[in-house]
Structure formats: C-alpha cells, structure tokens
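Here is the structure we will look at, set down as structure tokens.
Protein chains: 2
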Amino acid sequence: MSTDLVQLVTAIAQRARAASLVLATTPTARKDAALLKLAELIPASADALLAANARDLEAARANNLPSHQIDRLTLTPARLDQLAESVRQVAVLPDPVGTTLEEWTRPNGIHIRKRRVPIGVIGIIYEARPNVTIDCAILCLKSGNAAILRGGKEIFHTNTAFAALLTQALAETGLPADAVQLIPTTDRAALNTLLKLDTLIHCIIPRGGESLIRFVAENSTIPVIKHYTGVCFVYVDKDADLAMAESILINAKTQRPGVCNTAEQLLVHADVAETALPQLAAALTAKGVQLRADNDSASILARVGAAHTPATPADFTAEFLDLILAVRIVPDLETAIATINRDSSGHTEAIVTRDETAARRFQDAVDSAVVTWNASTRFNDGFEFGFGAEIGISTDRLHARGPMGLNELCTYKYVIDGTGQVRG
Amino acid sequence: MSTDLVQLVTAIAQRARAASLVLATTPTARKDAALLKLAELIPASADALLAANARDLEAARANNLPSHQIDRLTLTPARLDQLAESVRQVAVLPDPVGTTLEEWTRPNGIHIRKRRVPIGVIGIIYEARPNVTIDCAILCLKSGNAAILRGGKEIFHTNTAFAALLTQALAETGLPADAVQLIPTTDRAALNTLLKLDTLIHCIIPRGGESLIRFVAENSTIPVIKHYTGVCFVYVDKDADLAMAESILINAKTQRPGVCNTAEQLLVHADVAETALPQLAAALTAKGVQLRADNDSASILARVGAAHTPATPADFTAEFLDLILAVRIVPDLETAIATINRDSSGHTEAIVTRDETAARRFQDAVDSAVVTWNASTRFNDGFEFGFGAEIGISTDRLHARGPMGLNELCTYKYVIDGTGQVRG
Numbered sequence: 010m011s012t013d014l015v016q017l018v019t020a021i022a023q024r025a026r027a028a029s030l031v032l033a034t035t036p037t038a039r040k041d042a043a044l045l046k047l048a049e050l051i052p053a054s055a056d057a058l059l060a061a062n063a064r065d066l067e068a069a070r071a072n073n074l075p076s077h078q079i080d081r082l083t084l085t086p087a088r089l090d091q092l093a094e095s096v097r098q099v100a101v102l103p104d105p106v107g108t109t110l111e112e113w114t115r116p117n118g119i120h121i122r123k124r125r126v127p128i129g130v131i132g133i134i135y136e137a138r139p140n141v142t143i144d145c146a147i148l149c150l151k152s153g154n155a156a157i158l159r160g161g162k163e164i165f166h167t168n169t170a171f172a173a174l175l176t177q178a179l180a181e182t183g184l185p186a187d188a189v190q191l192i193p194t195t196d197r198a199a200l201n202t203l204l205k206l207d208t209l210i211h212c213i214i215p216r217g218g219e220s221l222i223r224f225v226a227e228n229s230t231i232p233v234i235k236h237y238t239g240v241c242f243v244y245v246d247k248d249a250d251l252a253m254a255e256s257i258l259i260n261a262k263t264q265r266p267g268v269c270n271t272a273e274q275l276l277v278h279a280d281v282a283e284t285a286l287p288q289l290a291a292a293l294t295a296k297g298v299q300l301r302a303d304n305d306s307a308s309i310l311a312r313v314g315a316a317h318t319p320a321t322p323a324d325f326t327a328e329f330l331d332l333i334l335a336v337r338i339v340p341d342l343e344t345a346i347a348t349i350n351r352d353s354s355g356h357t358e359a360i361v362t363r364d365e366t367a368a369r370r371f372q373d374a375v376d377s378a379v380v381t382w383n384a385s386t387r388f389n390d391g392f393e394f395g396f397g398a399e400i401g402i403s404t405d406r407l408h409a410r411g412p413m414g415l416n417e418l419c420t421y422k423y424v425i426d427g428t429g430q431v432r433g
Numbered sequence: 010m011s012t013d014l015v016q017l018v019t020a021i022a023q024r025a026r027a028a029s030l031v032l033a034t035t036p037t038a039r040k041d042a043a044l045l046k047l048a049e050l051i052p053a054s055a056d057a058l059l060a061a062n063a064r065d066l067e068a069a070r071a072n073n074l075p076s077h078q079i080d081r082l083t084l085t086p087a088r089l090d091q092l093a094e095s096v097r098q099v100a101v102l103p104d105p106v107g108t109t110l111e112e113w114t115r116p117n118g119i120h121i122r123k124r125r126v127p128i129g130v131i132g133i134i135y136e137a138r139p140n141v142t143i144d145c146a147i148l149c150l151k152s153g154n155a156a157i158l159r160g161g162k163e164i165f166h167t168n169t170a171f172a173a174l175l176t177q178a179l180a181e182t183g184l185p186a187d188a189v190q191l192i193p194t195t196d197r198a199a200l201n202t203l204l205k206l207d208t209l210i211h212c213i214i215p216r217g218g219e220s221l222i223r224f225v226a227e228n229s230t231i232p233v234i235k236h237y238t239g240v241c242f243v244y245v246d247k248d249a250d251l252a253m254a255e256s257i258l259i260n261a262k263t264q265r266p267g268v269c270n271t272a273e274q275l276l277v278h279a280d281v282a283e284t285a286l287p288q289l290a291a292a293l294t295a296k297g298v299q300l301r302a303d304n305d306s307a308s309i310l311a312r313v314g315a316a317h318t319p320a321t322p323a324d325f326t327a328e329f330l331d332l333i334l335a336v337r338i339v340p341d342l343e344t345a346i347a348t349i350n351r352d353s354s355g356h357t358e359a360i361v362t363r364d365e366t367a368a369r370r371f372q373d374a375v376d377s378a379v380v381t382w383n384a385s386t387r388f389n390d391g392f393e394f395g396f397g398a399e400i401g402i403s404t405d406r407l408h409a410r411g412p413m414g415l416n417e418l419c420t421y422k423y424v425i426d427g428t429g430q431v432r433g
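Same order as they appear, the protein sequences are chains A and B. Heads up: the first sequence at position 389 corresponds to 398 in my numbering, and the numbers run straight through without jumps. Heads up: the second sequence at position 89 corresponds to 98 in my numbering, and the numbers run straight through without jumps.
Next up, the structure:
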C-alpha cells in the first residue's frame, strides 16, 4: 500500500515535470485559451460541481463542523460565477514569462540576458477552501508552471470535480493535461512522499493554518514559500494627525479582522498618549474592539473610563484575528522600532505621523515585508499592489516577500550569446 | 552538555539577529571601513594566522589526509596577501542595499517602492577551505547581513583565528562585533540546533560536497540555497563552426575540470558526427581527456582509431570533475534538448551553431540556469558575469539561480507612502 502510494505520487510528479517543460515555452495565447475554456466550463458544469460539493457538505455536517467552516466549504451558483470571472481576469493579465529583467555585454563581448521563466513544478498544499484549487491552478498555468494540488479531505469531492474540469480545459485546448494534477488521496503518507521529490518538484506553497505550514516546512526537502499570518502593528507617533490615526487604525483593525494584514497591536508615543489614546479607544470600542492594555495605557484608559482589560505578556506577540487589540505606550520612536522588530511577525507595520524624518527612520529600520507611512496595513495585498492576482502573501524573505503575484511565481535564467568566447 | 550546546548556539543566533538589525541601516562608508580594517589586519596578523594554520596542518598530516587536501588547507604569506586584496576589492564594490528596484503609484494615491534590503542573518555551513571564512564574511557584511559561520573541523584553528580578526575589525570600526560569529565547535549537534533556529536565522548557504549540502537541506527548517555541482553539456549542432566547437569544448572540459561549470558531456548532431567527432576527439585526447562513448559515437571513433571506452548508463548523468567526457550522438536539436532536460543537472549548457533559430530554440527550451550560444560553459561565474564577487553558484530556482553576488544576498521590502489612505 505504501509502495503503491509512493509510485502514484512519484508518477504524478514525473508527469508534472514533463508537462512543465512544454508549458515553459507555450505561447501566451494558448495558455489564455485554456483559461477561457475553463471559465466557460465552470458555469456549464455547475450541476456536477454542486453535486460533488453536496457530498463534502454532507460529510461536514455529519462531522459537526462549525457553521462558519461549512459556509467556507459551500459552493453556490453565484460563487461559481465569481470563480469563472476570476479565471477570465487572470487570462487578460500580462504574461510574466520571457520578460528581459536585465541585459548587459561584458568586455569580452559575451551578451548576458537575465530572462524571467517559470519556476517549473509547484506543489500547492492547502486546506478546506474550494476556490484555492482554481485560484492556484490558473496562476500556475498563466505563469507557465505545472501545478500539483493537494487539498484537504473536507473538500475532496469538490476538488476532484474541479480537477476534472481543469484537465478537460487543458486537453480541449491542446495543452498537456498533466499541467494541473490533483493528488487523488488525502492520505498523509502521500503528502510526505510528495515533499521529498526534490528532483521533480521545485517549490512548495502551503496555504492554510500555521500547523499545516509548519508541518510542510519541517518535512519538505523542496524549497517552501511560507504564508504565515501576521502580527501587524500601528504606531501613532507624537506628530500624528489624530483623525488620520483613528481612520487608519479603525480600517487596519476592523475592516476584516480575520486576515493576516489586519492590525493586532497599537503603539502610542507617550507624549501624545493622554490625548490620543482616549480618542482612539472610543472609536475602537464603538466598533466593538476589545483593548488589552499595558500598565501605562491602562491607567490613562481607566482615568477616562474607557473599556479595556489588562494585557498579559502573550498578548504582545499575539495574532488575535478577532476584534481584539493589544495597546502599549512607548517613550519614543526608537522604542517603537525596537518593540516591533522584537514582537511583530515582520508582515506589515504602519506609522502615522506628519514628521517625514520619523517616517523615513521607521521605514528604514522596521524589518518587515511592508512598512507604510500614513496608510493602512490592509494594503499589503496583491490586488491592492496592482498585481491583478495573488497566490498569497509571503512571510519569507527569500525569493518572494509580501504579495506574490504572477511575477513571483517565476524564476529567471541567464541566456548568453557569444561568438566563440572561451574563458582565459 | 546537549542543553549547553543548544543554549550556546541559540545565544549566537540571538546576538546575530540583533547585530543584523543594526547592520541593515549601517551606511556604506562604515561597512567599507570595517572591510579595509580587516584587509589591514590580515597581513599584520600573519604570524598568528600561520601558527593557527600549522596546528590544523599538523592534525591533517597525523590523520593522513591526501596531499591535495592538505594543500587546500594551507595558508602562506602569499595566500594571505591575496585574501587581503580580495577584501579590498569587495570594499570598493557598490553597496547593494537601499536601491529602489521598482516604484509606482496606485490610483488611490499610495506610492509603493520596492527597495533592496539585506536578508538578515545568514548561516554559512562549509568544509575545509580557510578562505571561505573570510570570503563569506565580507560578502555578508558588505550586503548588510549578519553571518554565522560553521566551518569544518579540519580547519577549526585557522577559522578561529580568522574569526578573531573579523571581530577585531568590526569592533575597531564601531560595528557590532556579533555581525560575524563562528560557531566555536564542530559538534554535529550544534549544527543540528542551528538549522532549526528559523525565527532567528533567515537563510542557510551550504558550501561543500554533495553529502554536506544534502544533510543541510534535509535537516534545516530555515530556507537553504543550494550550490550543488553541475553536470553540464555541450551540444555541437549540425551547423556548428567546427573550429569554434573545438575551442569551446576544450575550454569547457579542460580549463579547470574540477569545478561545477566544467563540461561533462558532449552531444553531437548525427548529420555532422562523422566529420566533427574525429576532430573533437583528437583535440580532447591531446589534452588528456578520456572519452566514454555511446554505441553510435563509439563506432565512429573506432573507425578512425580514436581512443575511447564504452559508456555505461551511469556515465550519461555523471559529474566526473576530472578529464573524462561522456559522448553521445543525437539525431536532431529536439533530441538534444530532451536529453539535456532529462540528464543534465540544470546548471549550464552550451550550443555551438551558426543557426540562430536553432540557438534560440535551444536557449528557450533548455531548462538550465545558464544557457550559452557559442560560448564556453565556464562563463557561469560571478566574476565572469561582472558581479565583482561571488558567494557561489546557486543550483536552486528560488531567490537566486546561477551566480550569487552581493545583490543575491539581499531581499527586498515594500515601503508605502500614503496621505491617510484606508482600504475600501
């Protein structure tokens, strides 16, 4: 049985590698034709997709999954239409492949071109979100990569139905059907096999909770690009425009509290805390945000009768993903920077200030993927960056940091033209 | 004991992380001053360095190391002068940190700048080469990264002496002394601890033999950039200039047979094999190269009385690192491409041809880091590329592919300027 699984997964990876070599030189128009075919097939296959989804939902109810999880699993005709629309949007994005990134000629006359090319074979490991199957497949396809998808068991039948559509769209437009393959089992042993196939698979992107990502990072011999969630800070400087600080903080904390670029902690400069904190607290409380305050901020909040609870040490590095905000007062800019570099997750931080010198120092010294000045943390996002698509937000530093769009799904190669040069 | 080691290595990594935050915003002139101080200290400390090296050499002789290995371990006053000169050369290279890689303004007015910044803390794991300690330390320092060095036991005393100089150079020029640290033990357990410190160390670069690299890749939870050696191909097309093919092949195979960008295999187009192969074989044999021929090439070589031995299947994927060359005849360009994509290591391949269409197809379809047209494979090298320095040649696809210079020791961050924008 285990040998069978190893053979099954290895054969999938070998076929993906072969398909990737074809895809790497496939013209844009042919890739786009496959995407448009898929966009057509999704609504046309609504019955089959909804029937497969119903099987997953039945199992979810039988397993007493909480209702918000069941909602995330659920496909509807409207959601299918949205999905088809997102496929059409990727089809019209520019093809990242083939762009010359740099070129130069050496004194000996060789000409060197650094050209963007697909990574090769990308493994996507994800949990129970039906849209991920299509989202990841189309971004890999557009960027010329073969994809191996391994989704969660809660959504297995839905994924299988989507994978069949992908195969059909590829085959009907003359692209290798193996360019997108789903691992047809959710057995953990199959995943373990996959993560060791480092001669066939070039990159693993896990999408899901921290335990999934950690499992993948610890067990993979293939390079992994991690998408951890974030512990993001907003620092209100002594020269902040208070109305702006309030607006940015409310947006960063409450617009979508469950995502990685939401703010989890507020730092306020001591010089303005007496004024700023009560105003910010009132606005946050009005939006239903609970404050977890350090001693200094708690005494100010208590004095004005603002709701809060004392913070525990764990709150200062916590990712709440909820309407909860840790609050601290810092004596100066440098302490704000040091606090962030120690306690944030390096995802996204914001400074609110009128003082450009302070802003530049903050942006230089804060060691995070995205550092905003007078803008919400919520802008760390591929669509907000104008990438047109996003496979995730990398919390790694190598290869891709921050939003990952089509360009970030590519690597490069060097193409050298000579006239017979040899090395002296 | 094991707990002590864990604490020791963790403390080193914590200090490195703190130093990296200082280095990230250290001006170029101050980094260069530390490098120039080091260049001054190396010859001035020759006695201490040579004495430390003598202890390693004594142990090497007692352990009966082969003479070429002992030679690699050996420092001389002339080698120290070369090393000091290489430090001065890095000091005058442009600082990669701070460069704006891209910038744009979004319709909502936020301005996004993608700025090159240091990776952070880099762990270098290497074997018995004394120059690696200085080479890697200075490239990390110039690019604003803190370095943790873990060298082989054969060169431990020499490394310790170099590390002391590095500390002195940093301290005397006011940079954090923890910016470069040597793990003061070659205990494998210390390495295992190091490779798991993924919250403090951001990148591991192993430099050494395949077994070392594999060990690191399999045991690290920190992203690894691998520098495997290469199985590089030269393809002589039917439209090749034969004199050029000979010159490129001789250079690629014999200029330095023990390195990763040396050619290990020759493919010849069947249409020209009868003419080309005898001429190429004669030139190679004259340089002492042994040919391992497939059936088709063996029969041509036999007919003209050229020395060769029959190839085994293993020869067609072998990295000889010696004056040995596998030889095969291919019926056409596409077979050459498919053969290379199956059997090469994806490092560097060359086509020799007068036919630009064939050359472009080869450069597009061959999935290797560097693909040359009418130029030697030996050009896959940071100095030959004009990078001014090289920490190695990456055989990975993520982050860096091919020669890694100072730019490749950096990542980027996004700096966003707003005027109060929030996400709608």
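From the three backbone atoms N, C-alpha and C, an ideal C-beta is built for every residue, glycine too.
In chain B, what lies closer than 8 Å to Ile128 (chain A) by C-beta?
Sequence index remark: in the first sequence, residue 128 (chain A) carries index 119 (1-based). Correct list: Arg406 and Leu407.
Tell me the DSSP secondary structure of Lys262 (chain B) in three-state form.
Within the second sequence, the letter at position 253 stands for residue 262 (chain B). Here Lys262 (chain B) sits in helix by DSSP.
Helix or strand or just coil, what does DSSP make of Asn215 (chain A)?
Within the first sequence, numbered from 1, the residue matching residue 215 (chain A) stands at position 206. Here the sequence assigns Pro to residue 215 (chain A), which means Asn is not the residue at that position. It is a strand residue.
Any chance you could list the beta strand (DSSP E) runs of at least 3 consecutive residues sitting entirely within the region 239-300 of chain A, in chain order?
Counting whole runs of 3 or more residues, the region 239-300 of chain A contains the beta strand (DSSP E) stretches 241-245 and 272-278.
Compute the beta-carbon to beta-carbon distance between His211 (chain B) and Gly129 (chain B), rounded to the nearest angstrom, for a pair I have assumed lies under 8 Å.
The count along the second sequence starts at 1 and reaches residue 211 (chain B) at position 202. The count along the second sequence starts at 1 and reaches residue 129 (chain B) at position 120. That belief holds up - the Cβ atoms of His211 (chain B) and Gly129 (chain B) are roughly 4 Å apart, short of 8 Å.
Find the residues of chain A that neighbour Val380 (chain B), judging by a C-beta separation of less than 9 Å, and give them in chain order.
As a first step, residue 380 (chain B) is located in the second sequence; it is residue number 371 there, counting from the start. Here the neighbours are Lys422, Tyr423, Val424 and Ile425.
From Thr344 (chain A) to Thr176 (chain B), what distance separates their C-alpha atoms?
Reading the first sequence from its first residue, position 335 is the one you call residue 344 (chain A). Reading the second sequence from its first residue, position 167 is the one you call residue 176 (chain B). Thr344 (chain A) and Thr176 (chain B): Cα-Cα distance of roughly 27 Å.
Cα separation between Val313 (chain A) and Pro287 (chain A)?
Along the first sequence, read from residue 1 onward, the residue named residue 313 (chain A) stands at position 304. Along the first sequence, read from residue 1 onward, the residue named residue 287 (chain A) stands at position 278. Cα to Cα, the separation comes out at about 7 Å.
Is it the case that the Cβ atoms of Ala316 (chain B) and Thr284 (chain B) are separated by a distance below 8 Å?
Taking the first residue of the second sequence as position 1, residue 316 (chain B) is located at position 307. Taking the first residue of the second sequence as position 1, residue 284 (chain B) is located at position 275. Result no, Cβ atoms of Ala316 (chain B) and Thr284 (chain B) do not sit closer than 8 Å.
Closer than 6 Å by C-beta to Gln47 (chain B): which residues in its own chain qualify, once you throw out the five before and the five after it? Chain order, please.
Along the second sequence, one-based indexing puts residue 47 (chain B) at 38. A quick correction: the sequence has Leu, not Gln, at residue 47 (chain B). So the qualifying residues of the chain are Val96 and Ala178.
Out of curiosity, what's the CA-to-CA distance linking Ala170 (chain A) and Ala378 (chain A)?
If you number the first sequence from 1, residue 170 (chain A) lands on position 161. If you number the first sequence from 1, residue 378 (chain A) lands on position 369. Their backbone Cα atoms lie some 37 Å apart in a straight line.
Nearest by alpha-carbon distance to Glu328 (chain B): which of B:Pro52, B:Ser385 and B:Gly267 is it?
Numbered from 1 along the second sequence, position 319 holds the residue referred to as residue 328 (chain B). Answer by Cα proximity: B:Gly267.
With distance defined between alpha-carbon atoms, name the residue in A:Ile222, A:Thr420 and A:Ile400 nearest to His408 (chain B).
Locating residue 408 (chain B) in the second sequence gives position 399, where the first residue counts as 1. Ranking A:Ile222, A:Thr420 and A:Ile400 by Cα distance to His408 (chain B) puts A:Thr420 first.
So with Cβ pairs under 8 Å, would you call Arg115 (chain B) a contact of chain A?
For the purposes of this step, residue 115 (chain B) is taken as the residue at position 106 of the second sequence. Output row for Arg115 (chain B): interface = yes.
Looking at the strands, I want to know which residues DSSP matches up with Ala155 (chain B).
Position 146 of the second sequence holds residue 155 (chain B). In DSSP, Ala155 (chain B) forms a bridge with B:Val130.
For chain A, is any of its Cβ atoms less than 8 Å away from the one on His356 (chain B)?
Here residue 356 (chain B) refers to the residue found at position 347 of the second sequence. By this cut-off, His356 (chain B) is not an interface position.
Excluding the five sequence neighbours on either side, which residues of its own chain have a C-beta within less than 7 Å of the C-beta of Ala42 (chain A), listed in chain order?
Counting from 1 along the first sequence, the entry for residue 42 (chain A) is found at position 33. So the qualifying residues of the chain are Thr182.
Identify every residue that forms a DSSP beta bridge with Lys123 (chain A).
Mapped onto the first sequence, residue 123 (chain A) falls at position 114. DSSP output for Lys123 (chain A) lists A:Glu111 and A:Tyr423 as bridge partner(s).
On a Cα-Cα basis, can you pick out the residue from B:Val233, B:Phe242 and B:Arg159 that is closest to Ile349 (chain B)?
The count along the second sequence starts at 1 and reaches residue 349 (chain B) at position 340. Nearest option by C-alpha distance: B:Phe242.
Would the beta-carbon of Phe396 (chain B) fall within 8 Å of that of Ile119 (chain A)?
By one-based count along the second sequence, residue 396 (chain B) stands at place 387. By one-based count along the first sequence, residue 119 (chain A) stands at place 110. For Phe396 (chain B) and Ile119 (chain A), no; Cβs fall outside 8 Å.
Going by beta carbon distance, what residues of the same chain come within less than 6 Å of Arg301 (chain A), once the five residues before and after it are set aside?
Here residue 301 (chain A) refers to the residue found at position 292 when the first sequence is read from its first residue. Around Arg301 (chain A): Thr318, Ala320, Asp324 and Ala335.
Tell me which residues share the same chain as Ala22 (chain A) and place their Cβ nearer than 6 Å to its Cβ, disregarding the 5 neighbours each side in the sequence.
As a working note, residue 22 (chain A) is residue 13 in the first sequence. Cβ neighbours of Ala22 (chain A) beyond the five flanking positions: Leu206, Leu209 and Ile210.
Per DSSP, which one or two residues make a beta bridge with Gln7 (chain B)?
It is not possible to answer for residue 7 (chain B), since the shown part of chain B is limited to 10 through 433.
What is the DSSP secondary structure of Thr195 (chain A), counted as helix, strand or coil?
Working through the first sequence from its first residue, we reach residue 195 (chain A) at position 186. Note: Thr195 (chain A) maps to coil in three-state DSSP.
Roughly how many whole angstroms lie between the Cα atoms of Asp352 (chain B) and Thr326 (chain B)?
Position 343 of the second sequence, counted from the start, is the residue given in the question as residue 352 (chain B). Position 317 of the second sequence, counted from the start, is the residue given in the question as residue 326 (chain B). Answer to the nearest angstrom: the Cα atoms are 5 Å apart.
Enumerate in chain order the residues of its own chain whose CB-to-CB distance from Gln372 (chain B) is below 7 Å, with the five nearest sequence positions on each side excluded.
If you number the second sequence from 1, residue 372 (chain B) lands on position 363. Cβ neighbours of Gln372 (chain B) beyond the five flanking positions: Val380 and Trp382.
State the DSSP-derived secondary structure class of Glu49 (chain A), mapped to helix, strand or coil.
Taking the first residue of the first sequence as position 1, residue 49 (chain A) is located at position 40. Glu49 (chain A) falls in the helix class under three-state DSSP.
Of all Cβ atoms in chain B, is any one closer than 8 Å to the Cβ of Met253 (chain A)?
Here residue 253 (chain A) refers to the residue found at position 244 when the first sequence is read from its first residue. Chain B contact via Cβ: present.
With H, G and I counted as helix, E and B as strand and the rest as coil, what does DSSP make of Asp305 (chain A)?
Position 296 of the first sequence, counted from the first residue, corresponds to residue 305 (chain A). DSSP places Asp305 (chain A) in helix when its eight states are reduced to three.
At a CB-CB cut-off below 9 Å, which residues of chain A make contact with His211 (chain B)?
For this step, residue 211 (chain B) is matched to residue 202 along the second sequence. Here the neighbours are Asp405, Arg406 and Leu407.
With 8 Å as the threshold, decide whether the Cβ of Ile157 (chain A) is near any Cβ in chain B.
Counting from 1 along the first sequence, the entry for residue 157 (chain A) is found at position 148. It does not; no Cβ of chain B falls within 8 Å.
Can you pull the chain A residues whose beta carbon is under 8 Å from the beta carbon of Ser377 (chain B), in chain order?
Within the second sequence, numbered from 1, the residue matching residue 377 (chain B) stands at position 368. What Ser377 (chain B) touches in chain A: Lys422.
Out of curiosity, what's the CA-to-CA distance linking Thr357 (chain B) and Pro103 (chain B)?
By one-based count along the second sequence, residue 357 (chain B) stands at place 348. By one-based count along the second sequence, residue 103 (chain B) stands at place 94. So the alpha carbons of these two residues sit roughly 27 Å apart.
With 8 Å as the threshold, decide whether the Cβ of Ile119 (chain B) is near any Cβ in chain A.
As a first step, residue 119 (chain B) must be located in the second sequence, where it is residue number 110. So, interface residue.
Let's test the definition: count the other Cβ atoms within 10 Å of the Cβ of Phe392 (chain A) and tell me whether it reaches 16, buried, or not, exposed.
Sequence index remark: in the first sequence, residue 392 (chain A) carries index 383 (1-based). Phe392 (chain A) is exposed by the Cβ-count criterion.
Take the Cβ of Ala38 (chain A) as the centre, count every other Cβ of all protein chains shown within 10 Å, and call the residue buried at 16 or more, exposed below.
For this step, residue 38 (chain A) is matched to residue 29 along the first sequence. Label assigned to Ala38 (chain A): exposed.
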